[in-house]
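**Q** Chains as they are written, first to last, in the numbering used here: chain A, 19 to 201; chain B, 19 to 201.
In this text, a Cβ means the ideal position worked out from N, Cα and C, and glycines have one as well.
Protein chains: 2
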Amino acid sequence: MVAAYRRIAEAGFEGLRTRDVAAEAGVNIATLHYYFPTKEALIRGVVGHAMARFRTTFATGARPGEQLAAQLRGVRRLAMQEPELFVVMGELALRSGRDPAIAPIFKETIDAWRSTLRTLVHHAQSEGFVDRRLDPDTVASLVIAALNGLFMVPVAKAGSERIDRALAQLESFLGLKRSTRRS
Amino acid sequence: MVAAYRRIAEAGFEGLRTRDVAAEAGVNIATLHYYFPTKEALIRGVVGHAMARFRTTFATGARPGEQLAAQLRGVRRLAMQEPELFVVMGELALRSGRDPAIAPIFKETIDAWRSTLRTLVHHAQSEGFVDRRLDPDTVASLVIAALNGLFMVPVAKAGSERIDRALAQLESFLGLKRSTRRS
DNA sequence: TGCGCTCAATCAATCACTTGATGGAATATA
DNA sequence: TATATTCCATCAAGTGATTGATTGAGCGCA
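1. By how many angstroms is the C-alpha of B:G193 removed from the C-alpha of B:V39?
2. The alpha helix (DSSP H) with A:T74 in it runs from where to where?
3. Compare the C-beta of A:Q89 with all C-beta atoms of chain B and state if any pair is closer than 8 Å.
4. Between the Cα of B:A111 and those of B:G30, B:R25, B:A22, spot the shortest distance and give me the residue it belongs to.
5. Since A:Y23 and A:A97 should fall inside the 8 Å C-beta cutoff, what is the C-beta to C-beta distance between them, to a whole number of angstroms?
6. Can you name, in chain order, every residue of its own chain whose Cβ lies under 6 Å from the Cβ of B:E102, other than the five neighbours on each side?
7. Report, in whole angstroms, the separation of the C-beta atoms of A:F124 and A:S133, which I expect to be a contact under 8 Å.
8. Output the boundary residues of the alpha helix (DSSP H) element that contains A:A277.
9. Measuring only between beta-carbons, confirm whether B:A70 sits less than 8 Å from chain A.
10. Using a Cβ-Cβ cut-off of less than 8 Å, list which residues of the stretch 156-168 of chain B approach chain A; keep chain order.
11. Are the beta-carbon atoms belonging to B:I47 and B:R37 less than 8 Å from one another?
12. Please list the partners that A:R180 has in chain B, where partner means a Cβ-to-Cβ separation under 7 Å.
13. I need the straight-line Cα distance from B:W131 to A:A130, nearest angstrom please.
14. Using beta-carbon positions only, say whether B:A184 and A:T156 come within less than 8 Å of one another.
15. Can you tell me whether B:F31 is helix, strand or coil according to DSSP?
16. Alpha carbon to alpha carbon, what distance is there between B:R136 and B:V161?
17. Give the range of the alpha helix (DSSP H) segment to which B:D117 is assigned.
18. May I have the straight-line CA-CA distance separating B:R94 from A:Y53, to the nearest angstrom?
19. I need the straight-line Cα distance from A:R180 to A:A186, nearest angstrom please.
20. So, does the CB of B:Q29 fall closer than 8 Å to a CB anywhere in chain A?
21. Cβ atoms of A:F72 and A:A127: under 8 Å apart, would you say?
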């Protein structure tokens, strides 16, 4: 249910109340329980929705040599358009550390993401955009960590231009960008 | 109170119950309320404890040229020794997005961290370890994002050797390390 | 005695979830 | 076609359990 998804983005897991979800969905509490017998089932629904939404980021459309850079820009654009998605993802990431039910699902999504990035890095290497001596899997892990840190942890929100600069710096490290500005 | 701190690490904010905290601390509920009149006050105590604990990371002791690398290793060591700290930090980071009471405290800590890193990058540049064309503040932001993504988001926990490689790759990007292994 | 601290007992509020009933569309029966 | 039956979706009104917080009586020690 999209309503629960929105509620989590607003109030987090600690503030997730079935009453509020039902209210936001415009239905009775009993109706909500008709579709989602338990709160746990509702959360599972949210997980599925969030993961599906997040996987759309992986879809690459640009030319092979620019796919990697396009991926970074795609995540950044998604973070601007749907900040709730990253809030929910962060919430789920934290919860996956103690909830064995969603841990495998979350891990699977991240693994798929890393796999995609690994391929993109490999392609970029083949075409001379990225240093061939780098290990694609390691670079993918580092990129994921940086993006997670930038967008899932709302601390960095203290200035989107800082996020832009950090992203540009990451691209520069990867060799996708020549300009390394200063001060 | 350290007990509450531990409870949050175990069950997150959503699972934080004053009763459990009192039980883990080995005191009566009323005793807990004697020291922390409200749950909010208890959380403030946890925030203070976590921040103070986290700030110890900033303390640099190595030789100027190696301070930056030492900082990265220090964070990694702390993450291995006290994983709860990073769980709590992640929980606080997420909460700071919607709780105006802890948002400024958290932001202040991160700003102090970035300031420290900025200085370290600057020093490293002065001594020729890091490319002088890089913007210290931007590099600091990227490093913080990467570390946050690696340690606060427990997703990456799928293999500490992957974390090690990603960190080594980051050091390599910064110019602190020559070896860039492959596959 | 007075003060810092602790305790069992209790409260009102809130939570996830249940109950029994209702209307309406689809299907079966005549 | 007309009537009876079944099933799905929804609702108002609860239920018991749990929550954060309070109370007033003690305890040990200065």
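**A** With the structure as the only source:
1. Counting from 1 along the second sequence, the entry for residue 39 of chain B is found at position 21. Counting from 1 along the second sequence, the entry for residue 193 of chain B is found at position 175. For B:V39 and B:G193, the distance between alpha carbons rounds to 46 Å.
2. Your numbering for residue 74 of chain A matches position 56 in the first sequence. Counting along the chain, A:T74 falls outside any alpha helix (DSSP H), and DSSP gives it neither H nor E.
3. Along the first sequence, read from residue 1 onward, the residue named residue 89 of chain A stands at position 71. Using beta-carbon distances, A:Q89 does not count as an interface residue toward chain B, since no partner is under 8 Å.
4. Position 93 of the second sequence, counting from 1, holds the residue named residue 111 of chain B. Nearest of B:G30, B:R25, B:A22 to B:A111, Cα basis: B:G30.
5. The residue given as residue 23 of chain A occupies position 5 in the first sequence. The residue given as residue 97 of chain A occupies position 79 in the first sequence. Contact annotation, A:Y23 with A:A97: C-beta distance approximately 16 Å; criterion of less than 8 Å not satisfied.
6. The residue you call residue 102 of chain B lines up with position 84 of the second sequence. Excluding positions up to five away in sequence, the list reads A27.
7. The residue you call residue 124 of chain A lines up with position 106 of the first sequence. The residue you call residue 133 of chain A lines up with position 115 of the first sequence. The Cβ separation is near 15 Å, so there is no contact.
8. Residue 277 of chain A cannot be examined here, being either before or after the span of chain A that is shown, 19 to 201.
9. Your numbering for residue 70 of chain B matches position 52 in the second sequence. So no, B:A70 is outside the interface.
10. For the stretch 156-168 of chain B, the set of residues with a beta-carbon nearer than 8 Å to any beta-carbon of chain A comprises T156, V157, S159, L160, I162, A163, A164, L165, N166, G167, L168, in chain order.
11. Walking along the second sequence from the start, residue 47 of chain B turns up at place 29. Walking along the second sequence from the start, residue 37 of chain B turns up at place 19. Contact: yes.
12. For the purposes of this step, residue 180 of chain A is taken as the residue at position 162 of the first sequence. In chain order: S159.
13. The residue you call residue 131 of chain B lines up with position 113 of the second sequence. The residue you call residue 130 of chain A lines up with position 112 of the first sequence. Computed Cα separation, rounded: 32 Å.
14. The residue you call residue 184 of chain B lines up with position 166 of the second sequence. The residue you call residue 156 of chain A lines up with position 138 of the first sequence. Cβ atoms of B:A184 and A:T156: closer than 8 Å.
15. For the purposes of this step, residue 31 of chain B is identified with residue 13 of the second sequence, where counting begins at 1. Looking at B:F31 - three-state DSSP - the assignment turns out to be helix.
16. Locating residue 161 of chain B in the second sequence gives position 143, counting from the first residue. Locating residue 136 of chain B in the second sequence gives position 118, counting from the first residue. It is roughly 10 Å from the alpha-carbon of B:V161 to the alpha-carbon of B:R136.
17. What you label residue 117 of chain B is simply residue 99 of the second sequence in a count that begins at 1. For B:D117, no alpha helix (DSSP H) run applies, since DSSP gives it neither H nor E.
18. On the second sequence, residue 94 of chain B is found 76 positions in, with the first residue counted as 1. On the first sequence, residue 53 of chain A is found 35 positions in, with the first residue counted as 1. If I take the Cα positions, the gap works out to 44 Å.
19. Against the first sequence, residue 180 of chain A aligns to sequence position 162. Against the first sequence, residue 186 of chain A aligns to sequence position 168. Spanning the two alpha carbons is a distance of roughly 10 Å.
20. The residue you call residue 29 of chain B lines up with position 11 of the second sequence. Rather than Gln, the amino acid found at residue 29 of chain B in this sequence is Ala. Yes, contact with chain A.
21. As a first step, residue 127 of chain A must be located in the first sequence, where it is residue number 109. As a first step, residue 72 of chain A must be located in the first sequence, where it is residue number 54. The sequence shown places Thr at residue 127 of chain A, rather than the Ala named in the question. Yes.
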